[in-house]
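Asks: Those sequence lines, one after another, are chains A and B.
Going by my numbering, the first residue of the first sequence is number 1296, and it counts up by one from there.
Going by my numbering, the first residue of the second sequence is number 1296, and it counts up by one from there.
All C-beta atoms in this analysis are idealised placements derived from N, C-alpha and C, irrespective of residue type, glycine included.
All values reported here derive from a predicted model rather than from experimental measurement.
Protein chains: 2
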Amino acid sequence: MKVKTAETRATEAHQSAVSPGLRERRRLQTRAEITDAALRLFAEGGVASTTVDDIAATAGVSARTFFRYFATKEEAALPVHQDFHEAIAAGLPSVDPQGDVRDEVDRLYALTILPYTDNDSPAAQRMLQVSQLIRKEPSLRSAQVRQTVERTEDLLAALSAKFGPERADQMELRLAIDISGAVARAALDTWVGLLEAGKAADLAEIYGQARAFAR
Amino acid sequence: MKVKTAETRATEAHQSAVSPGLRERRRLQTRAEITDAALRLFAEGGVASTTVDDIAATAGVSARTFFRYFATKEEAALPVHQDFHEAIAAGLPSVDPQGDVRDEVDRLYALTILPYTDNDSPAAQRMLQVSQLIRKEPSLRSAQVRQTVERTEDLLAALSAKFGPERADQMELRLAIDISGAVARAALDTWVGLLEAGKAADLAEIYGQARAFAR
DNA sequence: TGCCAATGTGGCAGTATCTGCCATAATGGC
DNA sequence: GCCATTATGGCAGATACTGCCACATTGGCA
């Protein structure tokens, strides 16, 4: 059996019981332990010299089980960014089908990035930690972009349906998504860079600048 | 010894002799044969079910030699896109260090895409063929984006030096590059999609639309 | 012309990634 | 407390990729 998507699982959990259930909780915990192990080992010895066996052993699971949670070792370090994409998907209902395509997509991303603008929040801390690693490791950046590309297809389909067949110019929609994604990435990257250099950095402000520049 | 970069080789060829030399010519030919084999096999049976051994055997070289030309089997199919990036690098001298950052980057990309706007040119035909394959194969798209990410770093450094330390806001520069890249990709994708559907498509016109939308 | 350093190639061993299959154990609804 | 579902581990196997060595070819130079 293939690993189920987060969507499928969420639906099942919702149908079967209000509480997540023991199995689901254990699964999320195992997933988190693998991610923790991956992040720690990557930070210590780099991605290249860390094997899947290492990560699995540190997390207390077999290598075979590792691959039931993540397709590659790089993905194991990137659930935060995956969460970001899921948050975007979650914000879809707030999109106005009558509004300007570019504006609506821009607003959707701006809304999603909000929880990360508080430097002290756990989400921001986690994002910072992972983003630091990505800046040093080209292979992680590749994996992240790869994830983004895949998610873009889903988002494109969803937004296309939302705006309807007439107003949904595929090229413009794709461009709007890519540009908003580039803005978010550039802002995050700059934010992390400043914090790494020991300087004060406000993600909300930086994101505002990037947004303005892209206009 | 590691495989030398195109830049290194070009420099050496220029230093040693005016004509490319037999070795260099043979090398380029072998490279082209591997690419042809990869494109043919990928088109026939898909990327997943094509092995490096298959490609190497079809091209008449050993698998070991294959990896001296390309790091992965996906890369073997993407030299056209690599050429595009090199063409951008070649256009760097035309960038005005005093001009507006966004405008100059935009102009640089527009200039580079010109040779592909003639549907009948070999460059356009090749680009079309590879782009069709990329549309069907997510792994190729990933590999292409991965290449783009790596090239972006080089371009960023070059443009940063060009504009000088004062005017080179890293975030704005990166955003300008990413946006121009997204515009080019969206235009190419739309162009290929229309041609595949049997419709007439003018890349110059489509690119103009995408460019206008991004503004 | 003939020698030699540089270069390209192939083969082989070895490591790492990733998947299919099966057996086993734990869970949770009935 | 029984049973279908599900999570896990282990194993075999295919494929990707690298380091190393030997051999052949090339091209400059005496």
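Do you know whose CA, among Glu1448(B), Val1347(B), Arg1320(B), lies nearest Ala1358(B)'s CA?
Replies: Comparing Cα positions, the closest option is Val1347(B).
Asks: Between Leu1450(B) and Ala1479(B), what straight-line distance do the alpha-carbon atoms span, to the nearest angstrom?
Replies: Roughly 16 Å separates the two Cα atoms.
Asks: Spell out whether any CB of chain B is found under 8 Å from the CB atom of Arg1469(A).
Replies: Chain B, which has a Cβ nearer than 8 Å to the Cβ of Arg1469(A), makes this yes.
Asks: Taking Cβ positions only, does Val1298(B) come closer than 8 Å to chain A?
Replies: Caution applies to Val1298(B), whose pLDDT of 37 falls short of 50 and renders its modelled position unreliable; the value that the coordinates give is listed next. For Val1298(B), the answer is no, since every Cβ of chain A falls outside 8 Å of its Cβ.
Asks: Let me see if you follow: with CB-CB separation under 8 Å, is Ile1408(A) close to chain B or not?
Replies: Answer no: the Cβ-Cβ gap between Ile1408(A) and chain B never drops below 8 Å.
Asks: Quick check: the Cα distance between Asp1465(B) and Ala1477(A), rounded to an integer number of angstroms?
Replies: The identity of residue 1465(B) in the sequence shown is Gln, whereas the question assumes Asp. Cα-Cα distance, rounded: 14 Å.
Asks: So, does the stretch 1373-1382 of chain B touch the stretch 1434-1443 of chain B, judging by three or more C-beta pairs under 8 Å?
Replies: The answer is yes - the stretch 1434-1443 of chain B touches the stretch 1373-1382 of chain B, with three or more Cβ pairs under 8 Å.
Asks: To the nearest angstrom, how far is the alpha carbon of Gln1420(B) from that of Thr1325(B)?
Replies: If you take the alpha carbons of Gln1420(B) and Thr1325(B), they lie about 21 Å apart.
Asks: Could you tell me the distance, in whole angstroms, from the CA atom of Asp1473(A) to the CA atom of Leu1317(A)?
Replies: When rounded, the distance between both Cα atoms is 39 Å.
Asks: Do you know whose CA, among Ser1389(A), Glu1432(A), Leu1387(A), lies nearest Ser1344(A)'s CA?
Replies: Ser1344(A) has its Cα closest to that of Glu1432(A), out of Ser1389(A), Glu1432(A), Leu1387(A).
Asks: Would you mind stating whether Pro1468(B) and Val1375(B) have Cβ atoms separated by less than 8 Å?
Replies: The residue you asked about is not Pro; residue 1468(B) is Leu in the sequence shown. No, these two residues do not count as a Cβ contact at 8 Å.
Asks: Can you tell me the Cα-Cα spacing of Glu1491(B) and Val1487(A), whole angstroms?
Replies: Between Glu1491(B) and Val1487(A), the C-alpha separation is close to 42 Å.
Asks: Check whether chain A comes within 8 Å of Gln1422(B), counting only Cβ atoms and requiring the distance to be less than that.
Replies: Looking at the sequence shown, residue 1422(B) is not Gln but Met. Not closer than 8 Å to any Cβ of chain A, the Cβ of Met1422(B) fails to qualify, so no.
Asks: Are the beta-carbon atoms of Ala1453(A) and Leu1403(A) separated by less than 8 Å?
Replies: No, the Cβ-Cβ distance between Ala1453(A) and Leu1403(A) is not below 8 Å.
Asks: Going residue by residue through the stretch 1305-1379 of chain A, where are the continuous alpha helix (DSSP H) segments of at least 4 residues, counting only ones entirely within it?
Replies: DSSP runs (the alpha helix (DSSP H)) wholly in the stretch 1305-1379 of chain A: 1317-1340, 1347-1354, 1358-1364.
Asks: Whose Cβ in chain A lies nearer than 9 Å to the Cβ of Val1478(B)?
Replies: Going along chain A in sequence order, the residues near Val1478(B) (Cβ under 9 Å) are Leu1470, Asp1473, Ile1474.
Asks: List the residues of chain B that Arg1436(A) touches, going by C-beta distances under 8 Å, in chain order.
Replies: Those are Val1444, listed as they occur along chain B.
Asks: My output table needs one value for Asp1398(A): the three-state DSSP class, helix, strand or coil.
Replies: Looking at Asp1398(A) - three-state DSSP - the assignment turns out to be helix.
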